[in-house]
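Quick notes on the structure that follows.
Numbering (full-length UniProt numbering), first residue to last: 1 to 1005.
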């Protein structure tokens, strides 16, 4: 007879304890060894060493030196088994038939563990990019891991829940100062900043380990044990069978000696029988208290699906204006495409009561969601007109669906719908922030231009499927569910709703728009997009969180947001944003963002209580359309009838927006009060978690997207400056696609050191609130000055420079009749010599007086810097050698500059002038299909510091040469010669080659 199998029993909580101890031992052991053996080496970095830096970073401690690196990796390897076991045990504790959330947590936990192994064993010295990507992946995985595990913690586990909540909060809060000090170190190169960064980096490690240690409390409370069954030994043949049979193995199972309230235990028929191994496929049904304690995964998945569908709604709505304005830009007039804005009036179809009931029903809403996907799929259409028709249809369908969500549900859902609307808007802004200011599901982008259209459609399909198959949905409104004790004023509520929708789109559609409003140039005295764009999202999260917090304090708490004092706060914030610049103006914008986001549920509540769906929506969307036109006419007045009345009147447009919002506030004896909205605890929890995730993700994106490479000129040894001027047609190519990636490719190939880009102020609704500089500065490494902002009423100018910008001044050139012309005057440190660079966009041919006055001011700017070297890169609109009052003679003679090549008679709008430099090359590169204007390039050599041009005669300037007569540093790329076929549709045209010039004898270089 074989003896019974032997059992080895130990507490499951011991595994969690081992995991915690090994993790602390690995990091603290490496820290101790590193400080003892290589202290000054591990505190030293690329900026400073001891004593400025006196505390090591995590990466330097665990990855740079023997033996601490090896000791750390051995301990981490030993810890891998307990770590995987902890993930699986946690799933076992929390699993339930009703919830898929523990399974999601398990998958995320496994991915998180693999990412941890990646950045541990691939150090920054091995592969810096791989190490950073895996580290960021680990941090991103922590967001769902910590959120889900905290949500799944049973309420009776007070200590575990408190530890998870506190350590998770500390983890994510610590990232904010950590990112700040990292930027201080990496970008501003401040000694000692890395030490401060290291404190918070080690803090993340500590909080991360402490968070995972909370599972020990769960396992201990459950009294969970792990039982290992070893094969019994028997005499003779049986013993030999155990030895020879490879299928006989040890058996491991988990058992619970004493049942506890929240641990599923299968009842055994006979207590004397040995416990059966746990059947993982059929978990026991947990007690009702367990189900009540868990946040059901179906509810969370439903909320996430609704949130993504809200994101899709905003993505479709905000894509309409840039899709239609493609035609207006090409014609520079009203083309009829503007009538597509009337598709937003589609809620008029709900005039029939049965249509509202159908639209709000499960089947109707599902059909509307499905039809709206046509707007996302429009990217696949090659013709811009076809894309416009598709987006129009999708906008019409989406607005009907939105009206059904708002007006066709129980009034108790209005607060939830308002918060969902705000979250979807924030998510669309976050998507742009992460994708270089372009929404990745817009139809104006595809895979080649930075789009993730297929992914967006796939996720939308999953969200729609969830919507259709979910167990519970809000019931359509009926006479019994609609409150009838109050009927609001549909006109005033519609005006407020329209003002809110437009203002959100106008100012907060992109995280950098408020920064563009406050930007003044160099030296930098205010926020910059790459670094401070996330502050816009933080302000939005604070604003949307205010009604959530107020509803938690009291059922009538949100009424505070309808008090006139709150309106006064918003009005003052808008005034500060408009009136001031730099940090003060940006602070006003952030406070206005808080105000706008906080009143979203209130405005929607007023609109719904009117019980006039068609009238309210028609008023709102007619006002939105009017605002779209008026905001464009403030700058496009030269090309539209009646536009002169809106010329430079952003103040009036903004004033009208704020006045429109006033109609939802409780003015004494003016407007009757509206019942306040209510929020369920589930809504508050979901919204709060979403705001935290969006904010943290935005900060992580800022850290990841920040350009850490210090810009350097391409040919410092030869003291060469290669400059270009390009009118980029608002970043929309001939096919109606976003063109910033294609622009970056040509700028990179031409190795330009200084670039002037014109028609670049895209922080307007009609251009999609975009920033063409983000991608180029991040990937190519440039200092950037975005020029006068959208509140300066110009089409915009941008300066990109590989050289440090000492200072810059933004000019609004005289424009009594035509469009307002921008100019950027910047002083660059070019190899130790101060060089003035002037970027300008003059008026059009239709306004000769404007062009004359603008040319005189530009000439004065260039002349006053004499004899300092000058490079002018601009849009002038004149024929070469044209006499006064044409701009050419005014600028060249009065400005004391030289033409790049006055014998090039085939020019009209783009010109390059220079002074105090030796020109060695000039080229004209065809535009391909990117824009309507070529790229002009001038190449110069800067005289030795302290010297000037020794021979500036006409003969010395035109010593023409073949490229072979110059060093190869002076050659422009060979791939762009027409005989070589060009590259990506670009090639040297007009001359079919760059023109080269010799440097005169006696030049001091």
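Where a beta carbon is used, it is the ideal one built from N, C-alpha and C, also for glycine.
No experiment lies behind these values; they were computed from the predicted model shown.
Who pairs with residue i in a beta bridge, going by DSSP?
i: residue 936; result: 725 and 924
i: residue 821; result: 813
i: residue 702; result: According to DSSP, residue 702 bridges with nothing at all.
i: residue 983; result: 986
i: residue 720; result: 941
i: residue 9; result: 227
i: residue 873; result: 839 and 912
i: residue 616; result: Residue 616 is not bridged to any residue.
i: residue 833; result: 830
Are the Cβ atoms of residue i and residue j separated by less than 7 Å?
i: residue 749; j: residue 449; result: no
i: residue 689; j: residue 310; result: no
i: residue 711; j: residue 781; result: yes
i: residue 826; j: residue 840; result: no
i: residue 865; j: residue 890; result: no
i: residue 637; j: residue 627; result: no
i: residue 583; j: residue 526; result: yes
i: residue 659; j: residue 630; result: no
i: residue 390; j: residue 378; result: yes
i: residue 934; j: residue 926; result: yes
i: residue 86; j: residue 189; result: no
i: residue 68; j: residue 23; result: no
i: residue 793; j: residue 632; result: no
i: residue 650; j: residue 807; result: no
i: residue 89; j: residue 14; result: no
i: residue 490; j: residue 616; result: yes
i: residue 217; j: residue 159; result: yes
i: residue 61; j: residue 34; result: yes
i: residue 513; j: residue 504; result: no
i: residue 571; j: residue 588; result: no
Whose C-alpha, out of the options, is nearest the C-alpha of residue i?
i: residue 717; options: 561, 1005 and 984; result: 1005
i: residue 545; options: 42, 423, 928 and 966; result: 423
i: residue 975; options: 1002, 696, 224 and 994; result: 994
i: residue 398; options: 312, 328 and 415; result: 312
i: residue 946; options: 868, 837 and 892; result: 868
i: residue 521; options: 48, 810, 103 and 931; result: 810
i: residue 517; options: 489, 761, 45 and 437; result: 761
i: residue 623; options: 612, 657 and 595; result: 657
i: residue 724; options: 26, 33, 939 and 538; result: 939
i: residue 1037; options: 326, 303, 92 and 145; result: Outside the displayed range of the chain (1 to 1005) lies residue 1037, so it cannot be described from this structure.
i: residue 765; options: 515, 323, 460 and 802; result: 323
i: residue 992; options: 977, 907, 205 and 983; result: 977
i: residue 879; options: 911, 894, 329 and 871; result: 911
i: residue 681; options: 702, 555 and 589; result: 555
i: residue 1072; options: 16, 165, 495 and 611; result: Outside the displayed span of the chain (1 to 1005) sits residue 1072, for which this structure offers no information.
DSSP three-state call for residue i: helix, strand or coil?
i: residue 136; result: helix
i: residue 714; result: coil
i: residue 1001; result: coil
i: residue 828; result: strand
i: residue 1044; result: No information on residue 1044 is available, as it lies outside the stretch 1 to 1005 that the chain covers here.
i: residue 53; result: coil
i: residue 865; result: coil
i: residue 260; result: Residue confidence for residue 260 is low, a pLDDT of 37 falling below 50, so the modelled location carries little weight and cannot support an answer.
i: residue 188; result: coil
i: residue 912; result: strand
i: residue 949; result: coil
i: residue 756; result: strand
i: residue 238; result: For residue 238, the predicted model reports a pLDDT of 44, less than 50, meaning its position is unreliable; a value from the coordinates is still stated below. Here residue 238 sits in helix by DSSP.
i: residue 783; result: strand
i: residue 930; result: coil
i: residue 996; result: strand
i: residue 648; result: coil
i: residue 899; result: strand
i: residue 556; result: coil
Alpha helix (DSSP H) runs contained entirely in the UniProt domain "PGAP2IP first transmembrane" (311–465), provided each spans 4 or more residues: 353–360, 362–377, 384–407 and 414–434
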